[in-house]
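Undergrad: Starting off with a structure, shown below.
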Amino acid sequence: GVTCDYSTQDCCKDQHGSSNPFICIPKGTSCPVPSGPNYFGDTFVDNTELGIKVSRGLSVRLIAKVGEEVQYANGNLSGFRYHAQTDAAGIIPLNPNDPTNGGYVYVAN
């Protein structure tokens, strides 16, 4: 096991597959994120149109490009250019009661 000095450290789950399931990190820092892509299921497929890999069974579409106006569902443009540096983002299920079948919304600021 790991023993953290809780006066100067916090403990978080090791997402990188080491033999120890927990690691100590300096207080005030975030736990590291897993390396490699997050996925749903166990198989990736190539989306050649976007040049990315996605989990089999999921569909994706491009919604914004850095420096370009965002097109709304009705075809109009936002009038604002999509920013280059997000400081936070999240993926929110459209149906929290059935997140695997309801679709998702990507939110960034």
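Residue numbers (my numbering): 12 to 120. Virtual Cβ for every residue (Gly too), placed ideally from N, Cα, C.
1. Quick check on D98: does DSSP put it in helix, strand or coil?
2. Among residues of its own chain, excluding the 5 on either side of Q20, which ones have a beta-carbon nearer than 7 angstroms to its beta-carbon?
3. According to DSSP, simplified to helix, strand and coil, what is L88?
4. From this set, P104, E79, D16, C22, which residue's C-alpha is nearest T116's C-alpha?
5. Please say whether A75 and T97 have beta carbons closer to each other than 8 angstroms?
6. Could you tell me the distance, in whole angstroms, from the CA atom of L61 to the CA atom of N112?
7. State the DSSP-derived secondary structure class of C15, mapped to helix, strand or coil.
8. Could you spell out the range, first to last residue, of the beta strand (DSSP E) harbouring N58?
9. Per DSSP, which one or two residues make a beta bridge with P37?
TA: Let me lay it out:
1. coil
2. C35, I36, P37, K38
3. strand
4. Reading off the sequence shown, one finds Val at residue 116, where the question assumed Thr. Per the Cα distances, P104.
5. no
6. 23 angstroms
7. coil
8. 55-58
9. Q20
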